[in-house]
Amino acid sequence: MEERNELDWLESMALRQGGIGMSYSVIHMTKLKMGAMKGIENHNERIKDSRTNPDIVDARSHLNYDLHRSDDSRTYYMRTKDRISELDLPKAIRKDAVVSVGFITTSDKAFFDGLTPEQSKKFFQASYDFLKERYGEKNVISSKVHLDERTPHMHTYIVPVTQDGRLSAKSIFTPVELKSLQTDYNRHMREHGFNLDKGENTRTHIEMSEFKKQTAFEELRKVEGTLSMHTELSKSVEKQFKELSDNRDSLMGEVTALKTDLKALRSDLERVKDIKVAFNEIDAIQGEFGLIGKKKVKVKTEDFDKLKDIGKRQHVLETKLERLERDNKSLSQDLDKYRSRDMDTYKKDIEREKQLKGMAKEIDTVKDFLVDTNQLESYRKFREEQELVKKQMQKQMQKDAWDLER
Numbered sequence: 001m002e003e004r005n006e007l008d009w010l011e012s013m014a015l016r017q018g019g020i021g022m023s024y025s026v027i028h029m030t031k032l033k034m035g036a037m038k039g040i041e042n043h044n045e046r047i048k049d050s051r052t053n054p055d056i057v058d059a060r061s062h063l064n065y066d067l068h069r070s071d072d073s074r075t076y077y078m079r080t081k082d083r084i085s086e087l088d089l090p091k092a093i094r095k096d097a098v099v100s101v102g103f104i105t106t107s108d109k110a111f112f113d114g115l116t117p118e119q120s121k122k123f124f125q126a127s128y129d130f131l132k133e134r135y136g137e138k139n140v141i142s143s144k145v146h147l148d149e150r151t152p153h154m155h156t157y158i159v160p161v162t163q164d165g166r167l168s169a170k171s172i173f174t175p176v177e178l179k180s181l182q183t184d185y186n187r188h189m190r191e192h193g194f195n196l197d198k199g200e201n202t203r204t205h206i207e208m209s210e211f212k213k214q215t216a217f218e219e220l221r222k223v224e225g226t227l228s229m230h231t232e233l234s235k236s237v238e239k240q241f242k243e244l245s246d247n248r249d250s251l252m253g254e255v256t257a258l259k260t261d262l263k264a265l266r267s268d269l270e271r272v273k274d275i276k277v278a279f280n281e282i283d284a285i286q287g288e289f290g291l292i293g294k295k296k297v298k299v300k301t302e303d304f305d306k307l308k309d310i311g312k313r314q315h316v317l318e319t320k321l322e323r324l325e326r327d328n329k330s331l332s333q334d335l336d337k338y339r340s341r342d343m344d345t346y347k348k349d350i351e352r353e354k355q356l357k358g359m360a361k362e363i364d365t366v367k368d369f370l371v372d373t374n375q376l377e378s379y380r381k382f383r384e385e386q387e388l389v390k391k392q393m394q395k396q397m398q399k400d401a402w403d404l405e406r
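Sequential numbering from 1 applies to the sequence shown in this note's numbering.
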C-alpha cells in the first residue's frame with residue numbers, strides 16, 4: 001500500500017508538471033557490464049518468471065515483439081562479445097568495463113491509451129530508428145517492445161562504440177550528449193507526428209511513475225548480474241590465490257634446495273681448482289738420455305709408474321672440473337628462473353588482493369543502492385528462493401544418481 005501511495009503521488013506530480021492532458025517523451029539511459037547481460041536477457045525475453053516486477057501480465061507476453069534482428073538466435077552476451085571482438089581492440093577489455101548501454105523509450109499510460117495498435121507500433125519504430133541512426137545499427141544488440149506491462153515501453157541495448165572504433169561509454173555519453181539526447185529525441189518524435197512535450201533529463205524529475213518503477217527493476221537486475229559475476233570472480237580469485245600460495249611455498253622449497261646444491265658444487269669447484277699436480281715430484285724425477293739420441297729418456301720403473309698415476313689424476317680432475325663448471329652454470333640459470341617466477345607470483349598476489357578490495361567496495365555500493373531503492377528485502381527473498389531451488393535440484397540429482405545405481 002505504501003508503494004502504491006508513492007506511485008499515485010508521482011502520477012499526480014507528473015500531471016501538475018506536464019499539465020492536465022499533456023503527454024511527454026521519455027528516454028532513459030543506463031550503463032551495463034557484461035555480468036548483467038544474462039539477467040537483462042532473461043527479463044527482456046521473458047525467459048524466466050519475474051520476481052522483481054509484479055506488473056508483468058503473462059497472458060499478454062505474446063504481444064511483445066522485436067524491432068531488431070528477431071531471427072538472431074545468439075544470446076545477448078554473445079551478441080555483445082561478438083561485436084566487441086569485431087573492434088580488434090589492442091588489449092582485452094577490463095572485467096568491469098561498460099560493454100552495453102540500455103535505453104528505455106516510452107511515454108505515459110494515458111498517451112498510449114489514445115493510440116491505435118498501428119500508431120503504437122509507429123511510435124516504437126520511430127524510437128528505434130532514432131537510436132539506430134544516432135549510435136549505429138551494427139552496434140545495436142536488441143530492441144524489444146513490451147506490451148505486457150501497465151505502460152508500453154521499449155528496451156534497446158547498444159554497444160558503445162566511438163567514431164574511431166573504441167569501446168568507451170564515457171567518451172560517448174558526456175553531460176552534453178545526455179542533455180541533447182532528451183531534446184533531439186523529442187524533436188525526432190514530433191517530426192514523426194507525435195505531439196509530445198520533452199521529458200526531464202534527470203532522474204529526480206522524471207514525470208512518470210511507471211518509468212521510475214521500471215528503472216528501479218532494471219537497476220536491480222543489473223545489480224543481481226553484477227553480484228553474481230563478482231561472487232563467481234571472488235571464488236575464482238580465492239582459489240587462484242590459494243594455488244599461488246601453495247605454488248609459492250613449493251617454489252621456495254625448490255629454491256632453497258637449489259641454493260644448497262649450488263653451494264656444495266661451488267665448494268667442490270673451488271677444491272678442484274685448488275688441487276695442483278705435485279710438480280716438485282715430477283721435477284725430482286731424473287732420467288738418462290738413451291744411446292740412440294736425446295729424444296728418448298730412460299727413467300726408473302718406479303718413477304714411470306708415478307708419472308702415469310699423475311697423468312691419470314690430472315685427466316680425471318680436468319674432466320670433473322668441466323662437469324662442475326657446466327653444472328654450476330645450469331644451476332645458476334635455474335636459480336635465476338625460480339627467482340623470476342617467485343617475483344611474478346608475488347606480483348600476482350598483490351594484484352589479486354587489489355581485485356578483492358575492489359570487489360568488496362563495489363559490493364558495498366550495491367548494498368547501498370538496494371537500501372536506497374527499498375529493494376534490499378526483495379533481493380534477499382529472491383536470493384533465498386534461488387538457494388532453495390538450488391538445494392532442491394541438488395537433492396533431486398542425488399536421488400536420480402541413487403536410482404541409477406540400484
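Note that CB positions come from ideal geometry on N, CA and C, so glycine has one too.
Quick caveat, the model's predicted, so the values are computed rather than measured.
Taking aspartate 184 as the centre and dropping the five residues before and after it, the same chain places no C-beta closer than 7 Å to its C-beta. C-alpha of lysine 81 to C-alpha of aspartate 334: approximately 41 Å in a straight line. Annotation for leucine 131: Phe103, Thr105, Val140, Ser143, Thr156, Ile158 place their beta carbon closer than 8 Å to its own, counting only its chain and skipping 5 residues before and after. Bounds of any beta strand (DSSP E) do not take in serine 70, whose DSSP letter is neither H nor E. Looking at Arg166, Glu387, Ala264, the one whose alpha-carbon comes closest to that of leucine 89 is Arg166. If you ignore the 5 residues before and after arginine 326, its C-beta comes within less than 7 Å of no other C-beta in its own chain.
With 16 or more other Cβ atoms from the protein chains shown falling within 10 Å of its own Cβ, proline 152 counts as buried. In the three-state reduction of the DSSP assignment, threonine 151 falls in the coil class, being assigned neither a helical nor a strand state. The C-alpha of serine 70 lies about 15 Å from the C-alpha of isoleucine 47. The Cβ neighbour count for aspartate 113, taken over all protein chains shown within 10 Å, is under 16; the residue is labelled exposed. Of the residues Asp246, Ser120, Ala97, the one whose Cα lies closest to the Cα of methionine 154 is Ser120. Under the DSSP assignment, isoleucine 104 falls outside any alpha helix (DSSP H), being part of the beta strand (DSSP E) whose first and last residues are 98-106.
Inter-residue distance for histidine 43 and lysine 33 is about 16 Å (C-alpha atoms, whole angstroms). Residue pairing by DSSP places methionine 78 in no beta bridge whatsoever.
Sequence-distant Cβ neighbours of leucine 87 in its own chain, meaning closer than 8 Å and more than five residues away, are Val161, Gly165, Arg166, Leu167. Secondary structure within the region 121-189: the alpha helix (DSSP H) runs of 4 or more consecutive residues, fully enclosed, are 169-172 (chain order). Sequence-distant partners of serine 171 (beyond 5 residues in either direction) whose C-beta falls short of 7 Å from its own C-beta, in its chain, are Thr162.
With a cutoff of 8 Å on beta-carbon distance, leucine 178 and methionine 29 are scored as near each other. According to the DSSP assignment, isoleucine 40 belongs to the alpha helix (DSSP H) that extends over 37-44.
Put simply, of Val145, Arg83, His68, Lys95 the residue whose alpha carbon is nearest the alpha carbon of glutamate 133 is His68.
Per DSSP, lysine 109 is one residue of the alpha helix (DSSP H) stretching across 109-113. When secondary structure is reduced to three states using DSSP, threonine 30 falls in the strand class.
In the three-state scheme derived from DSSP, where H, G and I count as helix and E and B as strand, aspartate 197 is classed as strand. Minimum Cα-Cα distance from glutamate 353 among the listed residues Thr260, Arg60, Lys239, Arg323 corresponds to Lys239. Contact between serine 23 and aspartate 148 fails: their C-beta atoms lie close to 21 Å from each other, not under 8 Å. Per the coordinates, the alpha-carbon of proline 117 lies some 19 Å from the alpha-carbon of aspartate 58. Cβ neighbours of tyrosine 77 within its own chain (closer than 8 Å, five residues either side excluded): Met34, Met37, Lys38, Glu41. At a Cβ-Cβ threshold of 8 Å, arginine 83 and aspartate 72 do not count as neighbours. DSSP, read as helix, strand or coil, puts aspartate 66 in strand. Ranked by how close their Cα comes to the Cα of serine 107, the residues Ser100, Leu115, Val101 have Leu115 in first place. Under the three-state reduction of DSSP output, serine 378 falls in the helix class.
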